[in-house]
Amino acid sequence: MIYIVALLSLVFLALAFMVFGRLTSVLKGVNGGEEVEDYGGTSNKINGIMFIVFLIGGITAATWSFIHSTQYFLPEAASEHGRRTDSLFWLSMAIVTLAALVTNILLFVFAWKYQYKNGKRATYYPENHKLELIWTVVPAVVMAVMVFTGWQAWRDIMSEAPEGAQEVELVGKQFNWIARYPGVDNNKLGAFNYKLIDNNNEVGIDYSDEAAFDDFTGTDLHIPVGKPVLIKIRARDVLHSVFIPHMRVKMDAVPGMPTRFWFKPEKTTEQMRNETGNQNFKYEIACTEVCGRGHFSMKMNLIVEDEASWKKWCAEQKPLLTTYPEYASRIPANLKAKAAKYLPAQTDSTATASTAGVGGTGSAALR
Numbered sequence: 463m464i465y466i467v468a469l470l471s472l473v474f475l476a477l478a479f480m481v482f483g484r485l486t487s488v489l490k491g492v493n494g495g496e497e498v499e500d501y502g503g504t505s506n507k508i509n510g511i512m513f514i515v516f517l518i519g520g521i522t523a524a525t526w527s528f529i530h531s532t533q534y535f536l537p538e539a540a541s542e543h544g545r546r547t548d549s550l551f552w553l554s555m556a557i558v559t560l561a562a563l564v565t566n567i568l569l570f571v572f573a574w575k576y577q578y579k580n581g582k583r584a585t586y587y588p589e590n591h592k593l594e595l596i597w598t599v600v601p602a603v604v605m606a607v608m609v610f611t612g613w614q615a616w617r618d619i620m621s622e623a624p625e626g627a628q629e630v631e632l633v634g635k636q637f638n639w640i641a642r643y644p645g646v647d648n649n650k651l652g653a654f655n656y657k658l659i660d661n662n663n664e665v666g667i668d669y670s671d672e673a674a675f676d677d678f679t680g681t682d683l684h685i686p687v688g689k690p691v692l693i694k695i696r697a698r699d700v701l702h703s704v705f706i707p708h709m710r711v712k713m714d715a716v717p718g719m720p721t722r723f724w725f726k727p728e729k730t731t732e733q734m735r736n737e738t739g740n741q742n743f744k745y746e747i748a749c750t751e752v753c754g755r756g757h758f759s760m761k762m763n764l765i766v767e768d769e770a771s772w773k774k775w776c777a778e779q780k781p782l783l784t785t786y787p788e789y790a791s792r793i794p795a796n797l798k799a800k801a802a803k804y805l806p807a808q809t810d811s812t813a814t815a816s817t818a819g820v821g822g823t824g825s826a827a828l829r
């Protein structure tokens, strides 16, 4: 690396001396010290032609580069807002590309057409109000339309989720995602408290909240198709970022600052497998914020299915409280009756022992 920097430094110095020498000769000519060189010769014509060659070569290279890179573009959007976002993106790209193409063609063609010729004088335009008005108003109007349409899309995408949107929670930690679902009865996630996190309760479900009794967790994210889905996002340790390429979802997961994003999936996983011809196709949730050595492996499968299949899957899942009934000790006394249906059946002797444990440990925990 040191040798490369040294070589580049030498090249830079050589070019600087060349430019300085050339500038000195020009200044001498301007001041009457030397006769100004005649620039209307063969070299000037060659330079003019090279402008056109460079223009054609540049356009050809840019076109090839675009076509070649299409294989690396994001896949087709499979969400409602994703299609809208893509439309605005390609509209903006078309406008910017057209403007760049027109201005560069004019730049290079004018450099060739109006090259220096002996005896030819340039026309002097002190002002042209009409031309100035055109190149000021047209770009201003185009930019205003682009900004306004972009703002509209951003406002709609980042608005509050529609009433009845399916709630799910994604919690990021080094180096995996944990999904938490509300029970199918009320579609409401319970409260959480980071102080309650342990090996089994990885998201810190707070059982002092009645809505938390039927919450369950999973290593995959299951959502219904054709229905708004509100993802509530948290991080347990460091900064992460939720990225679902096909859904055009990207939102940071920030420790201590819950974030959210809602979207409406339009295609099930099965539909995508049929459309792509790839029976192994899977929607994927990745982390796009470097979060440590295992960042590369931090991903989760997203399963999109019809609502009937999704509800059936949810009904088959067990609430965390059912799997780990020892958390019943954290339930306030006035809510124990409501939580009873989520706890496994117990024999009289076990129930008595459990009740004693709940009374002692639970009271201490609540204090």
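So for the sequence shown, my numbering puts the first residue at 463; every next one is plus one. Each residue gets a CB set at the ideal place from its N, CA and C atoms; glycine is no exception.
Point to revise | Start-to-end residues for the alpha helix (DSSP H) that takes in isoleucine 706 | key: Numbered from 1 along the sequence shown, position 244 holds the residue referred to as residue 706. Not the alpha helix (DSSP H): isoleucine 706 falls in the beta strand (DSSP E), residues 702-706.
Practice item. With a 10 Å radius around its C-beta and 16 neighbouring C-beta atoms as the bar for buried, classify histidine 684 as buried or exposed. Key: Sequence index remark: in the sequence shown, residue 684 carries index 222 (1-based). Per the 10 Å Cβ criterion, buried.
Practice item. Report buried or exposed for histidine 591, applying the criterion of at least 16 other Cβ atoms within 10 angstroms of its Cβ. Key: Along the sequence shown, read from residue 1 onward, the residue named residue 591 stands at position 129. Classification for histidine 591: exposed.
Practice item. Taking glycine 612 as the reference, give the member of Ile640, His543, Pro624 with the closest Cα. Key: If you number the sequence shown from 1, residue 612 lands on position 150. When only C-alpha atoms are compared, the closest one is His543.
Review point. When you compare each of Asn509, Arg484, Lys712, Ile557 to valine 600 by their alpha carbons, which one comes out closest?
Key: The residue you call residue 600 lines up with position 138 of the sequence shown. Closest option to valine 600, Cα to Cα, is Ile557.
Point to revise | Cβ of alanine 468 within 8 Å of any chain B Cβ | key: Protein chains in the displayed structure number just one, and chain B is not present.
Check your understanding: For glycine 718, which of Lys657, Met512, Val473 has the nearest alpha-carbon?
Key -> For the purposes of this step, residue 718 is identified with residue 256 of the sequence shown, where counting begins at 1. The shortest C-alpha separation from glycine 718 is found at Lys657.
Exercise for review: Name, in chain order, the residues that DSSP records as bridge partners for asparagine 662.
Suggested key: For the purposes of this step, residue 662 is taken as residue 200 along the sequence shown, with counting starting at 1. The partner list for asparagine 662 (beta bridge, DSSP) is empty, contrary to what the question assumes.
Check your understanding: Over what stretch of residues does the alpha helix (DSSP H) that includes threonine 611 continue unbroken?
Key -> Start at 1 with the first residue of the sequence shown, and residue 611 comes out as number 149. Unbroken alpha helix (DSSP H) run through threonine 611: 591-619.
**Study point:** Backbone CA spacing between leucine 553 and valine 603 [nearest angstrom]
**Key:** Working through the sequence shown from its first residue, we reach residue 553 at position 91. Working through the sequence shown from its first residue, we reach residue 603 at position 141. Distance between the alpha carbons of leucine 553 and valine 603 is about 15 Å.
Exercise for review: State the Cα-Cα distance for the pair leucine 475 and isoleucine 464, rounded to the nearest angstrom.
Suggested key: Residue 475 sits at position 13 when you count from the first residue of the sequence shown. Residue 464 sits at position 2 when you count from the first residue of the sequence shown. Rounded to whole angstroms, leucine 475 to isoleucine 464 spans 17 Å at the Cα level.
Review point. Does the Cβ-Cβ distance between arginine 645 and aspartate 677 come in under 8 Å?
Key: Mapped onto the sequence shown, residue 645 falls at position 183. Mapped onto the sequence shown, residue 677 falls at position 215. The sequence shown places glycine at residue 645, rather than the arginine named in the question. Yes, the pair counts as a contact, with Cβ atoms nearer than the cut-off.
Check your understanding: So the alpha helix (DSSP H) lysine 575 belongs to, where does it begin and stop?
Key -> The residue labelled residue 575 in the question sits at position 113 within the sequence shown. Its alpha helix (DSSP H) spans residues 542-575.
Exercise for review: Look at the Cβ atom of isoleucine 640, then the Cβ atom of threonine 679, and state whether they are nearer than 8 Å.
Suggested key: Residue mapping note: residue 640 aligns to position 178 of the sequence shown, counting from 1. Residue mapping note: residue 679 aligns to position 217 of the sequence shown, counting from 1. Cβ distance < 8 Å, so isoleucine 640 and threonine 679 count as in contact.
Practice item. Compare the Cα-Cα distances from alanine 674 to each of Leu782, Asn509, Leu560 and report the closest residue. Key: As a working note, residue 674 is residue 212 in the sequence shown. Cα-wise, what sits closest to alanine 674 is Leu782.
Review point. Per DSSP, lysine 639 is paired with what?
Key: Here the question's residue 639 lines up with position 177 in the sequence shown. The amino acid at residue 639 is misidentified as lysine; the sequence shows tryptophan. The partner list for tryptophan 639 (beta bridge, DSSP) reads Gly634.
Review point. How should asparagine 661 be labelled, buried or exposed, when 16 other C-beta atoms within 10 angstroms of its C-beta is the threshold for buried?
Key: As a position in the sequence shown, residue 661 is number 199, starting the count at 1. Label assigned to asparagine 661: exposed.
**Study point:** Distance between phenylalanine 551 and tyrosine 578 (C-alpha atoms, nearest Å)
**Key:** Along the sequence shown, one-based indexing puts residue 578 at 116. Along the sequence shown, one-based indexing puts residue 551 at 89. Each residue's Cα considered, the two are about 42 Å apart.
Check your understanding: What do you get for proline 624, buried or exposed, if any count of 16 or more other CB atoms within 10 angstroms of its CB means buried?
Key -> Indexing the sequence shown from 1 puts residue 624 at position 162. By the neighbour-count rule (16 or more Cβ atoms within 10 Å), proline 624 is not buried but exposed.
**Study point:** For isoleucine 521, three-class secondary structure by DSSP
**Key:** Position 59 of the sequence shown, counting from 1, holds the residue named residue 521. Isoleucine 521 falls in the helix class under three-state DSSP.
Exercise for review: Compare the C-alpha of leucine 797 against each of Arg722, Met709, Ser670, Pro787 and name the closest.
Suggested key: Position 335 of the sequence shown holds residue 797. Looking at the Cα atoms, Ser670 is the closest of the given residues.
Review point. According to the neighbour-count rule (16 or more other Cβ atoms, all chains shown, within 10 Å of its Cβ), is phenylalanine 626 buried or exposed?
Key: Here the question's residue 626 lines up with position 164 in the sequence shown. Inspection of the sequence shows that residue 626 is occupied by glycine rather than by phenylalanine. Exposed, by the Cβ-count rule.
Practice item. Just tell me which of Ala770, Ala715, Ala468, Tyr576 has its CA closest to the CA of threonine 730. Key: Within the sequence shown, the letter at position 268 stands for residue 730. Residue Ala770 is the option with its Cα nearest to threonine 730.
Practice item. Would you kindly report the start and end of the unbroken alpha helix (DSSP H) that includes glutamate 737? Key: For this step, residue 737 is matched to residue 275 along the sequence shown. Its alpha helix (DSSP H) spans residues 731-738.
Review point. Tell me which same chain residues have a C-beta within less than 7 Å of the C-beta of alanine 615, skipping the five on either side of it?
Key: What you label residue 615 is simply residue 153 of the sequence shown in a count that begins at 1. If we look at alanine 615 and ignore the five residues flanking it on each side, its Cβ neighbours are Arg546, Thr547, Leu550.
Point to revise | Inter-residue Cα distance where the pair is proline 537 and aspartate 618 | key: Against the sequence shown, residue 537 aligns to sequence position 75. Against the sequence shown, residue 618 aligns to sequence position 156. Each residue's Cα considered, the two are about 22 Å apart.
Review point. What whole-angstrom Cβ distance do valine 766 and valine 687 have, given they're in contact under 8 Å?
Key: Counting from one through the sequence shown, the residue named residue 766 turns up at place 304. Counting from one through the sequence shown, the residue named residue 687 turns up at place 225. Confirmed, Cβ separation roughly 5 Å.
Practice item. Quickly, what does DSSP pair histidine 403 with across the bridge? List them, please. Key: With the chain covering 463 to 829 only, the question about residue 403 has no answer from this structure.
Review point. Once you ignore the five residues that flank tyrosine 804 on each side, which residues in its own chain have a CB closer than 7 Å to its CB?
Key: On the sequence shown, position 342 is the one that residue 804 refers to. So the list reads Phe675, Asp676, Pro781, Leu783, Thr784, once near-sequence residues are dropped.
Exercise for review: Helix, strand or coil for leucine 692, going by three-state DSSP, please let me know.
Suggested key: Translated into the one-based positions of the sequence shown, residue 692 becomes position 230. Strand, per DSSP.
Review point. How is the alpha helix (DSSP H) around lysine 798 delimited, first residue to last?
Key: Stepping through the sequence shown from its first residue, residue 798 is reached at position 336. Its alpha helix (DSSP H) spans residues 798-801.
Check your understanding: Whose C-alpha, out of Asn648, Leu692, Thr598, is nearest the C-alpha of valine 630?
Key -> Counting from 1 along the sequence shown, the entry for residue 630 is found at position 168. Cα-wise, what sits closest to valine 630 is Leu692.
Review point. Any idea which residues DSSP pairs tryptophan 724 with across the strands?
Key: Along the sequence shown, read from residue 1 onward, the residue named residue 724 stands at position 262. Paired residues: Leu692.
**Study point:** Presumed contact (8 Å Cβ cut-off) between methionine 709 and phenylalanine 725, rounded CB distance
**Key:** As a working note, residue 709 is residue 247 in the sequence shown. As a working note, residue 725 is residue 263 in the sequence shown. About 5 Å; that satisfies the 8 Å criterion.
Exercise for review: Return the residue from the list Asn736, Leu485, Ser703, Thr522 that minimises the CA-CA distance to proline 720.
Suggested key: Residue mapping note: residue 720 aligns to position 258 of the sequence shown, counting from 1. Among Asn736, Leu485, Ser703, Thr522, the Cα nearest to that of proline 720 is on Ser703.
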